[in-house]
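For the sequence shown, our numbering begins at 462 and goes up steadily by one. First up is the structure itself, then whatever we jot down about it.
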Amino acid sequence: MPRGGGLMAPGARLRFLLAVWTLAVLARRSAGEAGDGGWQRRGPGAPAALAEEQRCAVERRADLSYSEFVQHYAFSRPVILQGLTDNSRFRALCSRERLLDSFGDNVVRLSTANTYSYRKVDLPFQEYVEHLLYPQDPTSLGNDTLYFFGDNNFSEWASLFQHYSPPPFSLLGTTTAYSFGIAGAGSGVPFHWHGPGFSEVIYGRKRWFLYPPEKTPEFHPNKTTLAWLQDVYPTLTSSARPLECTVQAGEQVLYFPDRWWHATLNLDTSVFISTFLS
Numbered sequence: 462m463p464r465g466g467g468l469m470a471p472g473a474r475l476r477f478l479l480a481v482w483t484l485a486v487l488a489r490r491s492a493g494e495a496g497d498g499g500w501q502r503r504g505p506g507a508p509a510a511l512a513e514e515q516r517c518a519v520e521r522r523a524d525l526s527y528s529e530f531v532q533h534y535a536f537s538r539p540v541i542l543q544g545l546t547d548n549s550r551f552r553a554l555c556s557r558e559r560l561l562d563s564f565g566d567n568v569v570r571l572s573t574a575n576t577y578s579y580r581k582v583d584l585p586f587q588e589y590v591e592h593l594l595y596p597q598d599p600t601s602l603g604n605d606t607l608y609f610f611g612d613n614n615f616s617e618w619a620s621l622f623q624h625y626s627p628p629p630f631s632l633l634g635t636t637t638a639y640s641f642g643i644a645g646a647g648s649g650v651p652f653h654w655h656g657p658g659f660s661e662v663i664y665g666r667k668r669w670f671l672y673p674p675e676k677t678p679e680f681h682p683n684k685t686t687l688a689w690l691q692d693v694y695p696t697l698t699s700s701a702r703p704l705e706c707t708v709q710a711g712e713q714v715l716y717f718p719d720r721w722w723h724a725t726l727n728l729d730t731s732v733f734i735s736t737f738l739s
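Printed below as a string of structure tokens:
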């Protein structure tokens, strides 16, 4: 404002308003990337059943040595590893805005998690993010939900993956493979098993349900994890319930051993990456 409280000239006022608007946009952008990365754009239909489970039965370990990992967890039970890597750079690159800027035109392959479905859909990444990345509809829990996980074109996404630091633990005779994904709230993979691996949440929250190899879970292979949580989970006795935990975004990585049954449920729009040991 000019001295004496006079009105600002039209040109100066316009420049002032543009500066204020620019600072506000930058502040919102910075807050989004530091917090949820711009991914949590909630809309109608977000399932009420996605309230976070506070109880975590998976042990959390910080400063775990490799020998302790092999002796106590690698072949016997899951564990959440804390503070082993710093993926703050990778996390910043995985914000909604930055991924769209870098990979919006890339064609991605969407899959369904249902066990009996082999449906695949190819479309531009930007179209997926802007039109398909919505919360699971509670009225259609038995239907396929398309989302981006696993089918990564590593040559096209190499500029992103080169900034990821995987957990420093490996198992003798195995090689590593990444699986990167982005999924809406309420989506997830129903119970299945495969070789050992690590899973890290970059943005959002992911709830895990795990059973040891000798304990086959009760589930319908062609229904969603959310349907299982609402229909089957409440009927289980305490002894029949799985080992479970909600993994938060940040410096914590879930490890699951070979052949452990597991199902996942994204409590928010989630960005995540798994490192499979095969």
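Even glycine gets a Cβ: it sits at the ideal position worked out from N, Cα and C.
Item to complete: Would you mind stating whether Arg-720 and Pro-674 have Cβ atoms separated by less than 7 Å?
Response: Residue mapping note: residue 720 aligns to position 259 of the sequence shown, counting from 1. Residue mapping note: residue 674 aligns to position 213 of the sequence shown, counting from 1. In contact: Arg-720 and Pro-674 (Cβ atoms closer than 7 Å).
Worksheet entry | Val-693, DSSP secondary structure in three states | Working through the sequence shown from its first residue, we reach residue 693 at position 232. If DSSP states are grouped into helix, strand and coil, Val-693 belongs with coil.
Worksheet item: Among residues of its own chain, excluding the 5 on either side of Ser-735, which ones have a beta-carbon nearer than 6 Å to its beta-carbon?
Response: Taking the sequence shown and counting its residues from 1, one reaches residue 735 at position 274. Contacts found: Ser-640, Gly-658, Ser-660.
Worksheet entry | Three-state secondary structure (DSSP) of Ser-620 | To locate residue 620, count along the sequence shown from 1; it is residue 159. Residue state, collapsed to three classes: helix.
Worksheet entry | Identified DSSP bridge partners for His-653 | What you label residue 653 is simply residue 192 of the sequence shown in a count that begins at 1. Partner(s): His-723.
Practice prompt. Using 10 angstroms around the beta-carbon of Tyr-672, count the other beta-carbons present and answer buried if the total reaches 16, otherwise exposed.
Written response: Residue numbering aside, residue 672 sits at position 211 when the sequence shown is read from its first letter. Answer is buried; the Cβ neighbour count reaches 16.
Worksheet item: With a CB to CB cut of under 6 Å and the five nearest residues on each side skipped, what residues in its chain are close to Tyr-534?
Response: For this step, residue 534 is matched to residue 73 along the sequence shown. Around Tyr-534: Val-540.
Practice prompt. Count the CB pairs spanning the segment 581-593 and the segment 613-622 that are closer than 8 Å, and state whether there are at least three.
Written response: no
Worksheet item: What does Ser-631 pair with, by DSSP beta-bridge criteria?
Response: Position 170 of the sequence shown, counting from 1, holds the residue named residue 631. According to DSSP, Ser-631 bridges with nothing at all.
Worksheet item: From this set, Cys-706, Val-569, Gly-665, which residue's C-alpha is nearest Gln-501's C-alpha?
Response: In the sequence shown, residue 501 corresponds to position 40, counting from 1. Nearest option by C-alpha distance: Gly-665.
Item to complete: Keeping to the same chain, check which residues put their C-beta closer than 8 Å to that of Asp-566; ignore five residues upstream and five downstream.
Response: The residue given as residue 566 occupies position 105 in the sequence shown. Contacts found: Pro-585, Phe-586, Gln-587.
Discussion item. Taking 6 Å as the limit between beta carbons, can you name the residues of its chain near Ser-648, skipping five residues before and five after?
Written reply: For the purposes of this step, residue 648 is identified with residue 187 of the sequence shown, where counting begins at 1. Within the same chain, Ser-648 has close Cβ partners Gln-597, Thr-606, Tyr-608, Asn-727.
Item to complete: Could you pull out every unbroken beta strand (DSSP E) segment of at least 3 residues lying fully inside the segment 540-583, listed in chain order?
Response: 540-543, 568-573
Discussion item. What would DSSP say about Thr-686, mapped onto helix, strand or coil?
Written reply: Position 225 of the sequence shown holds residue 686. Three-state DSSP puts Thr-686 in a helix.
Worksheet entry | Per DSSP, cross-strand counterpart(s) of Cys-517 | Taking the sequence shown and counting its residues from 1, the one referred to as residue 517 is at position 56. Partner(s): none; Cys-517 has no beta bridge.
Practice prompt. Please classify Asp-729: is it buried, with 16 or more other beta-carbons within 10 angstroms of its beta-carbon, or exposed?
Written response: The sequence position of residue 729 within the sequence shown is 268, counting from 1. With 16 or more other Cβ atoms within 10 Å, it is buried.
Fill in: Residue(s) in a DSSP beta bridge with Leu-607
In the sequence shown, counting from the first residue as 1, residue 607 sits at position 146. For Leu-607, which the question treats as bridged, DSSP gives the partners Thr-573.
Fill in: With 16 other Cβ atoms within 10 Å as the buried cut-off, status of Leu-484
Locating residue 484 in the sequence shown gives position 23, counting from the first residue. In this prediction, Leu-484 has a pLDDT of 38, which is less than 50 and means its spatial position is unreliable; what the coordinates show is noted afterwards. Exposed, by the Cβ-count rule.
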